[in-house]
Structures are given as C-alpha cells and as structure tokens.
Amino acid sequence: MSAIPDDPQAGEFAAPAPDETLAPMLQAWRQRLEAAGTRCTAVALQGEAGATLPFPPGLGEALAALWPALQARVSAEQPVALERCQIATDAKGGAGHLIMAVRIQYGQGQSAIVGLCLPPPHSERIVQAVLLALASLQWSLTEHHHTALLRTARLLEVLGHVSSQDRAHAAAQDWVNRSAAWARELAAVGSANTVGVSLALFEVRGATPRWWVGSDTAWAQKAAPAVLEAAEQASRAVLALSEVQGLGWRALPVLARGRATAVLVVHGEAAALSEELLRVLRSSLSLAEPLLRQWRLAERALWQHGWDAVVHAVRQLGRDGEQGHLRWKLAAAGSLLAAVLLLGLPFDERVTAPLVIEGQTRQLVTAPFEGFVAHVRARPGERVHEGQHLLDMETRELKVEQAKFLSDREQASGKLRQAMAEHDAPAVAQAAAQVQQAQAQLGLVENKLARAAVLSPLDGLVVSGDWDQHLGAPLEVGKQLFEIAAVDQYRVVLHVADHDIARIRAGLGGELRLAGAPQQTSPFRVSLVTATASVQEGSNGFRVEADWLGPVPTLSPGMQGVGKITVGRANLLTIWTRSSIDWLRMKWWTWW
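In this text, residue positions in the sequence shown follow this note's numbering: the first is 48, and each later residue adds one.
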C-alpha cells in the first residue's frame, strides 16, 4: 500500500500505482487477437494516471525511444501512427516489427493510446484486423471505467457516512460495518449462498496492534479467542510491514514513514477473498484510516497534545541531516534568546503619567472692590513686570463721590471756623465731627481710586485672566482677575494613576518629554507625593510634584507632556504583564 504520512511534514505521497486489472485485460485482448489469426509480440497502453502499461522490458532501446515519438504523432485528426523498428527478438538484417499506435476513446471522454508490436510479414489486412479488434478493447475499458466510477461513488458515500459521526470510535465502527457489508456483496457475486466476511480494525501503538473495532460487534473481550487470533495476524503484518495471508484470512496494514499505523484483518472463506474484494478494502482503508487516526488523536486530553508537541520538537532538534532540522534549530535558538530577554535580563521598570509644567511661585490677583472693568492691559501668555498695569476699573462714580465728600469737608470746615469765632463750644464739637466724618469718607474713596489700577505683584507670566472680552463686566470684591507665575523656577506636576501610586515615593528619578519638544528628554526627581486624589480625563490619580534637574530650557507654565518615573528593575515579562496580573487579582478578589 502507499505510505500515508503522519503529518504535513512527513513527506510526499507516493505516486499512484498502475491499475492491477489492466495487464490481465490487455493480455486477454491480445490472446483474442492471436486467436483471430493476428500475431502480436507485445502490447502497451498509455492513458491517464492509473491506466498506463508500458511495453515489456528487454525489447530493445530502439523501441523505448520510438514509442514516445509515436504517441506524439497520434491525435484526434490522425488516430493511427505506424513505424518499423528492430527489436531484440528480430534476426539481424530482418524486416523488423511494425510498431502501431492507435488512439481510442472509452467511457465518458476518456482516451488512451494502444501500442502493438506486430511481427512480419506485414500487410494492410493485418492493420485492418487490429483496428476491428480494438472495438472489444474499447468495450472492456469502458466497462472497467464504469466499474471504477461506481466504486469511487461507493467509497465517497461510505466516507460521507463516517464523517457525519460525532466521535472517532463511532466513526470507525460505522466504517468497518459498511465496509464489511460491501465486502459481503462482492463475495456473494456469482454465488447462490451468502458468504460470511468479517473485519477487525487494529490501531498500532508502539509497534503493538490494539483492538479498536470489529464488524457487527459493538464490544468484544480482549481475551476472546477470535480477538487473540486476529491480534496475532495483525502482529505478523506489523512485523513484516506488508500484507500477510493465511487460510481464510488476510491482514492489510497501513504504512506511514516506514511503520504501520493500523491493520485491517479480513476473515472469510478462502474462495471469497478475491483480489477485487481486497482491492476495494485497500481503497476504503487508505481513505478512511488517516481520517479516523487524526480524529482519535484530536480527541485526546489537552496535556497529551502539549506533551506530544514537546516530544515532536525535541525529536526535530535531535535529527541531523533531516530536511528542515536547521529551521527547527534556528527556531529553538530564537526561542531561547527570547526567553533570556524576557526572563533573564533586568530592565528599568517605569511608571508613565501625564504631566504639566507649573511655576514654582504662583500668585493670584483679585478685584480690590466692587466695580466694573474699564480697560484691560494684559492677557494670558504675556510676560509682565512687578508693578505693571494689568487692568483698570471704572472710576467715574468714585470721582463723583470724591467731589461730593470734598464739598462736604469744606462746608464742615467753614462751620468749624465760624463756631470757633463765636466761641460756641457745642457748635465747635459738632462741626469738628462733621469734618472728621467727611475726611474719612473721602479717604475711603481716594483709597479705592488708588487701587482702581490693578498692578502685577511680581515679574512673571500671566497664566490665566482673559478679560479683554468682558469690558464693563461687574466685579465682586475678591474675584480672581489674573494668575501670575514666576518664570525663573518651575516644577513638574504628574498625575499618577491610583494603581501605580503605591510604588511612587520621594527621591525617585525619571525623565520627561514635552509635547512642544518631543525630541528632547529632560531628567527630574520626585519631591512630593500628595494624598489627594483627582480625576483627569476619566482616570483617577494622585498629584505628584517633581523638581527639574539640570539646565531649564525655555518653558511656559501650562506646557504638557509625558513623564516616566523609574521605580525599580525587573525582567520584561514582569514589566509587560504586571498591569494584567493586577487586574486579574482585583477581579478574582471581587468574584471570590
């Protein structure tokens, strides 16, 4: 039988063997031709795969070279080609044989080229007799082709029933029962009595055949005499690596990579085990056994699959001179290198967090009194100096009040002078009180007028306070107008996620990159970890402050970026899987 590989890498399938019934068919036709008076030394047939029979060896190199040339000359328009040729059986100087190539058609569109070696003497009558006799060969080939098609359909039907099962054992039982029924039909052809044929399928494990299924038997005792006898015959076939036979039985092994994978033991009357019956069983077994074997292997436990994969890999690594062993060794070396990188080498483990740049000194500028916005002289993003004008508040009502209180003070002062001139003590006291009251109210108004011009308290950058679009807007006492940040010192503020905050402490170093300068990396050191959580962009985290190390580039408060804090060293597998493991721990804790 043809070898059936264990896996896709087990090697190429063997080429299909020629049909074993072709040679007897041609020999019978040749005998009929000679019985009709036409001698023929040899016959050949060139058809499709499995329907090819060359000339017998030993007829000479001239015939071996001429036969392909004659085939090339034959076509549908010229179905006959003739040529003389000296073969090994011809006498020296003789006329030689007439080599005849004829194209015939049979079955459903099938064609073949028949070759004949006709000894001398040659005549046109002999050629015509051969062409007439080819009709019987065409009929025989057509009948043979039809039988082959019916057998193929039956094989596909059996295979379809096997594939529809749910389990490998049920599929094997269905196949062996259907194959046994088919074998009984073939054995009963030409016989009036029913012929008993039984089948037993053994799987081979470690060169030992083991009972799997038997025809018309759902279960069998392993110690039963029939099972022991069949097992003995299967063992002989496994040792011989070929078919073995005895009186009333045959053992048909399936070979793959030089070893037997299964054995089919056939029992029946010696006369019933015809070559046609055995040919059908071989074909059915060669189609179904690989499917059943792979099906059974797939049903094994998961740990067995893993163990087989490890054993297969080890065997591939240990083979020298085998095709593909270098690829396996390179893959193993790559896997070992990956394992060393993942588990053996330590790398810096870092926590990534978004950050923002803030000034080290920040001061708020608020409204000094209730009023309205008159003029805006600074906007966010502008650099300002200490004492620089930022905003003017409306002063018209204050100036009206100032004039009123000035007038009240002058009137009170006049009354005071008049009372002093009249030496009217009560009037002097009353006028002096009015003067003081007017002076106090005037002082309050003048103080507001002095503070109506809002000034910068320090040199820095206006971080917030865009009032240019709010001219005339009312202001309340203490309302924030501007935020000024010093530009000589900065601090880094990171928003560290709550699942990473436990590993952050003061003194840890890190690096950052700003969105405005993504090509530049700057170092920093953690200075403060606050205990207040906040939510930013849907992520809960904690505020972590850090000091800039080294020279400070040109920065602006409010610039954003990404920081990485080095929290220790670990292998890559731990670094890459830490977040997933922590998530699984929380889920397990929640469910448990």
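Even glycine gets a Cβ: it sits at the ideal position worked out from N, Cα and C.
Residue from the options with nearest C-alpha to residue i
{"i": "residue 600", "options": "135, 542 and 536", "result": "536"}
{"i": "residue 207", "options": "506, 226, 167 and 504", "result": "226"}
{"i": "residue 402", "options": "86, 292, 589 and 164", "result": "589"}
{"i": "residue 547", "options": "199, 615, 529 and 322", "result": "615"}
{"i": "residue 489", "options": "466, 475 and 457", "result": "457"}
{"i": "residue 310", "options": "90, 378, 285 and 121", "result": "285"}
{"i": "residue 495", "options": "465, 464 and 446", "result": "446"}
{"i": "residue 114", "options": "89, 124 and 123", "result": "89"}
{"i": "residue 584", "options": "400, 438, 423 and 410", "result": "400"}
{"i": "residue 424", "options": "628, 617 and 518", "result": "518"}
{"i": "residue 430", "options": "578, 462, 420 and 529", "result": "529"}
{"i": "residue 520", "options": "573, 178 and 420", "result": "420"}
{"i": "residue 463", "options": "485, 448 and 444", "result": "485"}
Close-in-space but distant-in-sequence residues of the same chain around residue i (CB under 7 Å, 5 per side omitted)
{"i": "residue 305", "result": "none"}
{"i": "residue 563", "result": "606"}
{"i": "residue 135", "result": "105, 106 and 107"}
{"i": "residue 243", "result": "315"}
{"i": "residue 418", "result": "440, 441 and 522"}
Contact under 7 Å by Cβ, residue i with residue j
{"i": "residue 543", "j": "residue 592", "result": "no"}
{"i": "residue 533", "j": "residue 406", "result": "yes"}
{"i": "residue 426", "j": "residue 515", "result": "yes"}
{"i": "residue 413", "j": "residue 483", "result": "no"}
{"i": "residue 435", "j": "residue 511", "result": "no"}
{"i": "residue 575", "j": "residue 608", "result": "no"}
{"i": "residue 248", "j": "residue 274", "result": "no"}
{"i": "residue 312", "j": "residue 281", "result": "yes"}
{"i": "residue 525", "j": "residue 613", "result": "no"}
{"i": "residue 571", "j": "residue 559", "result": "yes"}
{"i": "residue 76", "j": "residue 202", "result": "no"}
Rounded straight-line distance, which links the Cα of residue j to that of residue i
{"i": "residue 635", "j": "residue 254", "result": "48 Å"}
{"i": "residue 454", "j": "residue 472", "result": "24 Å"}
{"i": "residue 290", "j": "residue 301", "result": "9 Å"}
{"i": "residue 391", "j": "residue 622", "result": "13 Å"}
{"i": "residue 549", "j": "residue 357", "result": "41 Å"}
{"i": "residue 492", "j": "residue 604", "result": "37 Å"}
{"i": "residue 210", "j": "residue 385", "result": "42 Å"}
{"i": "residue 57", "j": "residue 271", "result": "The pLDDT assigned to residue 57 is 36, lower than 50, so where the model puts this residue is not dependable, and the model offers no usable value."}
{"i": "residue 566", "j": "residue 501", "result": "40 Å"}
{"i": "residue 82", "j": "residue 230", "result": "36 Å"}
{"i": "residue 587", "j": "residue 374", "result": "49 Å"}
{"i": "residue 99", "j": "residue 189", "result": "15 Å"}
{"i": "residue 354", "j": "residue 160", "result": "54 Å"}
{"i": "residue 582", "j": "residue 595", "result": "25 Å"}
{"i": "residue 361", "j": "residue 350", "result": "17 Å"}
Outcome for residue i when other beta-carbon atoms lying within 10 angstroms are tallied against a minimum of 16
{"i": "residue 193", "result": "exposed"}
{"i": "residue 638", "result": "exposed"}
{"i": "residue 108", "result": "exposed"}
{"i": "residue 239", "result": "Bear in mind that the predicted position of residue 239 carries a pLDDT of just 47, short of 50, making it too unreliable to give a figure here."}
{"i": "residue 263", "result": "exposed"}
{"i": "residue 382", "result": "exposed"}
{"i": "residue 260", "result": "buried"}
{"i": "residue 469", "result": "exposed"}
{"i": "residue 252", "result": "exposed"}
{"i": "residue 139", "result": "exposed"}
{"i": "residue 144", "result": "buried"}
{"i": "residue 387", "result": "exposed"}
{"i": "residue 266", "result": "exposed"}
{"i": "residue 73", "result": "buried"}
Neighbourhood of residue i by C-beta distance below 8 Å, restricted to the same chain and skipping five residues each side
{"i": "residue 233", "result": "321, 323, 324 and 327"}
Close Cβ partners of residue i (< 6 Å) along its chain, the five nearest in sequence each way excluded
{"i": "residue 467", "result": "475"}
{"i": "residue 128", "result": "117, 120, 121 and 148"}
{"i": "residue 142", "result": "167"}
{"i": "residue 250", "result": "257, 259 and 309"}
{"i": "residue 617", "result": "396"}
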